[in-house]
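Residue numbers (our numbering), protein chains in the order written: chain A, 35 to 401; chain B, 35 to 401. The structure appears below as structure tokens.
Protein chains: 2
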Amino acid sequence: MRITNLLNKPAEWMQGGGPESDIVISSRIRLARNLRGYPFPGWAKKELRAQVVSCIRPALEDIPEMSGAFAEEMTQLSALEKQVLVERHLISREHAAKGPGCAVVINDQQSLSIMVNEEDHLRMQAILPGQQLMTAYRALDQVDSELETRLPYAFDPDYGYLTCCPTNLGTGLRASVMLHLPGLFLSDQMTQTMQGASKIGLAVRGQYGEGTDALANLFQISNQNTLGAKEEDIIAHLERVIEQLLRNEKNARLKVLEDHAAMIQDQIGRAYAVLKYAHIVSSKEALTHLSMIRLGCDMNVFPTEARGIVTRLLTAIQPAHLQITASTKLSMEERDVLRAEIIQENLKALTPPDFRGIIQHRDNENE
Amino acid sequence: MRITNLLNKPAEWMQGGGPESDIVISSRIRLARNLRGYPFPGWAKKELRAQVVSCIRPALEDIPEMSGAFAEEMTQLSALEKQVLVERHLISREHAAKGPGCAVVINDQQSLSIMVNEEDHLRMQAILPGQQLMTAYRALDQVDSELETRLPYAFDPDYGYLTCCPTNLGTGLRASVMLHLPGLFLSDQMTQTMQGASKIGLAVRGQYGEGTDALANLFQISNQNTLGAKEEDIIAHLERVIEQLLRNEKNARLKVLEDHAAMIQDQIGRAYAVLKYAHIVSSKEALTHLSMIRLGCDMNVFPTEARGIVTRLLTAIQPAHLQITASTKLSMEERDVLRAEIIQENLKALTPPDFRGIIQHRDNENE
Chain A
35 MRITNLLNKP AEWMQGGGPE SDIVISSRIR LARNLRGYPF PGWAKKELRA
85 QVVSCIRPAL EDIPEMSGAF AEEMTQLSAL EKQVLVERHL ISREHAAKGP
135 GCAVVINDQQ SLSIMVNEED HLRMQAILPG QQLMTAYRAL DQVDSELETR
185 LPYAFDPDYG YLTCCPTNLG TGLRASVMLH LPGLFLSDQM TQTMQGASKI
235 GLAVRGQYGE GTDALANLFQ ISNQNTLGAK EEDIIAHLER VIEQLLRNEK
285 NARLKVLEDH AAMIQDQIGR AYAVLKYAHI VSSKEALTHL SMIRLGCDMN
335 VFPTEARGIV TRLLTAIQPA HLQITASTKL SMEERDVLRA EIIQENLKAL
385 TPPDFRGIIQ HRDNENE
Chain B
35 MRITNLLNKP AEWMQGGGPE SDIVISSRIR LARNLRGYPF PGWAKKELRA
85 QVVSCIRPAL EDIPEMSGAF AEEMTQLSAL EKQVLVERHL ISREHAAKGP
135 GCAVVINDQQ SLSIMVNEED HLRMQAILPG QQLMTAYRAL DQVDSELETR
185 LPYAFDPDYG YLTCCPTNLG TGLRASVMLH LPGLFLSDQM TQTMQGASKI
235 GLAVRGQYGE GTDALANLFQ ISNQNTLGAK EEDIIAHLER VIEQLLRNEK
285 NARLKVLEDH AAMIQDQIGR AYAVLKYAHI VSSKEALTHL SMIRLGCDMN
335 VFPTEARGIV TRLLTAIQPA HLQITASTKL SMEERDVLRA EIIQENLKAL
385 TPPDFRGIIQ HRDNENE
């Protein structure tokens with residue numbers, strides 16, 4: 035089935051929800067695997083890459099989790115379609131640029147995606163809304179175990195799974211969460227948080243990974259080490275850090291409310307105002323304001339139900355998503371107009387911010 | 035009666051209205067006069083300035099237009115009170131900085147104000163809402179004629195009225211209008227307009243005169259020449275230029291609507307949004323947005339009744355006005371919060387922008 039059919043419905047994780055969904059947007063687990071006897075994709079000629087695809091395809095079709103999944107050679111996808119998959123975190127930017135002999139397989143809920151011949155022969159991912167790292171890991175581990183019975187994985191008894199880049203050697207595991215941290219950002223604690231995370235072997239990055247900005251106060255936290263620890267321990271370590279970060283973020287929000295109530299009300303008020311009434315909205319501005327609306331939902335300034343809408347919009351207002359919605363290529367100016375329309379349409383039922391709840395919340399905390 | 039009593043009610047011109055009030059905010063006439071036998075205020079010692087005040091005061095009290103007027107030595111006014119008068123265009127910034135021997139007289143409607151010992155012994159002004167240059171001139175001319183029967187004006191048969199600065203010599207007349215020109219500004223025609231005005235002996239300045247920015251798209255147009263022409267001819271010349279400027283501004287608005295409808299809707303939408311929902315608003319931002327709301331009133335996007343409120347707010351949100359309203363000195367941060375509150379309170383009844391009228395208006399024009 036063509037991947038195009040997937041693009042008009044949002045991925046499961048984009049809808050929001052899941053545990054700790056006020057701060058944790060999504061949880062991702064990625065496993066890197068390679069086939070014994072084949073060069074890594076970066077070294078392989080087109081024919082060898084094609085052989086790897088031919089080898090992997092029947093194994094994937096055979097396992098129940100991926101039955102009825104959507105599979106496609108990268109060359110069959112348009113630039114726009116590939117960009118939509120990148121915006122949904124289903125494929126990497128690097129994979130989107132790949133040519134013949136590279137493929138992608140995605141299940142119907144878009145919770146499992148498998149890139150074939152990205153940096154490794156197999157890059158498998160599970161992505162779920164909220165803090166569900168362990169659930170995502172178990173789901174992906176199941177897929178991995180079933181594939182392992184069907185494919186000759188490159189595995190070394192001392193090193194573990196062999197990968198193209200030594201930073202993935204061992205478990206081939208990257209666990210990451212996308213966190214919404216406006217409290218830490220507004221109280222100027224992000225630099226400190228990032229340095230702290232780095233010291234304990236974690237990386238903090240922007241919304242779209244390395245080298246991207248932390249727009250919308252979204253930060254990705256992931257493990258750096260893949261070697262010398264069990265998968266469950268790597269994940270448990272990350273989970274403990276996330277718990278601490280959630281506490282810090284919640285405290286930071288209270289502190290910001292305490293010290294800068296007018297500033298918070300101003301930013302939330304403006305976010306609501308601009309998203310409801312502007313007619314030209316850039317991606318960056320939309321993300322900034324959506325972040326504040328989401329914070330407003332957490333602070334009882336808006337109904338909690340709005341949080342899901344906002345979470346979906348964070349991806350739906352990205353350039354490729356807009357063009358898929360419009361079924362046509364759009365200039366930047368046209369996108370900015372359509373973005374404003376789509377946001378207005380989605381936020382139509384959202385009532386103006388009501389700051390009485392915010393203050394009550396703060397008073398209760400102080401008792 | 036103390037001028038303090040005047041400050042809590044807006045000046046007549048601040049309420050808006052009058053002919054051509056969609057574009058012309060106010061019309062001002064100023065006459066410069068001096069008494070024979072006294073040095074100009076800048077050269078006069080304190081005692082001589084006091085003598086001039088003593089000489090002028092009974093004459094002013096004697097004429098019916100200024101009976102019951104509010105008079106005060108500048109030293110009796112607080113810095114804040116003086117600043118309010120500056121923001122209302124009732125005294126000059128220079129006069130606000132003056133010490134002993136300087137005074138100001140203002141009538142109840144605040145349509146007539148007379149500075150004593152500013153640059154000249156007498157600087158008289160009439161200010162009215164809308165395009166009422168000739169009406170303002172006639173009112174001020176009446177005051178001037180009555181004073182002339184009571185005071186020994188310095189007058190030369192060849193040069194006319196003698197003034198401290200030669201640029202005021204002759205009629206001592208400065209006629210000016212405050213125009214709201216968002217159309218010319220948004221269509222990048224202001225530089226050209228200002229150069230054109232300069233060529234025909236007019237000056238175009240920002241809201242608070244020389245060296246001030248044209249915030250809120252407000253521009254002051256005034257005559258440069260005071261010598262060699264009759265008062266009525268100077269005013270008639272300015273009036274003809276204003277008529278042309280009004281036509282240009284109206285055409286520019288249609289053109290901007292034609293070429294940049296989304297941009298106009300965006301700016302008006304954002305102006306509404308921010309003024310309704312922001313909690314911290316600087317003076318500059320408030321003026322920018324109020325200008326767009328005013329344009330929206332002219333374009334049937336908002337009810338026309340809102341124009342008066344917006345016009346009054348243009349002055350009411352200035353720093354000194356805010357502090358007079360609050361009856362206390364406020365920091366910049368406090369002013370920004372109070373400004374947002376006052377604007378919200380005043381725009382409470384304003385319904386969201388309705389852009390259907392705009393398009394209809396444009397379609398009618400094209401028929």
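Every residue, glycine too, gets a C-beta built ideally from N, C-alpha and C.
Chain A has no Cβ within less than 8 Å of the Cβ of P53(B). Contact annotation: A250(B) and L321(B) have beta-carbon atoms nearer than 8 Å. At least one CB of chain B lies nearer than 8 Å to the CB of H313(A). Listed by position along chain A, the residues whose Cβ is nearer than 7 Å to that of A383(B) form an empty set, because the closest Cβ is around 15 Å away. By the criterion of at least three beta-carbon pairs nearer than 8 Å, the region 188 to 207 of chain B is not in contact with the region 106 to 122 of chain B.
Here I148(B) has V139, M158 as same chain residues with Cβ atoms under 6 Å from its own Cβ, once five neighbours each way along the sequence are excluded. When secondary structure is reduced to three states using DSSP, E54(A) falls in the coil class, being assigned neither helix nor strand. The C-alpha of R64(B) lies about 19 Å from the C-alpha of T183(B).
For R239(A), the enclosing beta strand (DSSP E) stretches over residues 236 to 239. Scanning chain A for C-beta atoms nearer than 9 Å to the C-beta of K310(B) yields G303, A307, Y311, P386, reported in chain order.
Classified as buried, G135(A) has 16 or more neighbouring CB atoms from the shown chains inside 10 Å of its CB. For I63(B), DSSP records a beta bridge to A160(B), A209(B). Against chain B, a Cβ distance below 9 Å from M297(A) picks out H313, I314. In the three-state scheme derived from DSSP, where H, G and I count as helix and E and B as strand, N285(B) is classed as helix. Look at the beta carbons and you see the region 216 to 231 of chain A touching the region 287 to 298 of chain A: at least three pairs across the two are nearer than 8 Å.
In the assembly as shown, W77(A) is an exposed residue. Its beta-carbon has fewer than 16 other beta-carbons within 10 Å. Taking the Cα positions, N202(A) is about 19 Å away from L181(A).
By the C-beta density criterion, T338(B) is exposed, having fewer than 16 other C-beta atoms within 10 angstroms. When secondary structure is reduced to three states using DSSP, F219(A) falls in the helix class.
Between G206(B) and T169(B), the gap from beta carbon to beta carbon reaches 8 Å or more.
Beta bridge pairing from DSSP links Q254(A) with M212(A), R239(A).
Among the residues of chain A, none has a CB under 8 Å from the CB of V344(B); the nearest is roughly 17 Å distant. At a cut-off of 8 Å between C-beta atoms, V371(A) counts as an interface residue with respect to chain B. Taking 8 Å as the CB threshold, D300(B) lines the interface with chain A. Excluding sequence positions up to five before and after Q299(A), its CB lies within less than 8 Å of the CB of P387, F389, I392, all in the same chain and listed in chain order. In the three-state scheme derived from DSSP, where H, G and I count as helix and E and B as strand, I125(B) is classed as coil.
Here D96(A) is exposed, its C-beta having fewer than 16 other C-beta atoms within 10 Å. Distances from the CA of E54(B) to each of Q166(B), E152(B), Y311(B) were compared; the closest alpha carbon is that of Q166(B). The straight-line gap separating the alpha-carbon atoms of A263(B) and R67(B) is approximately 17 Å.
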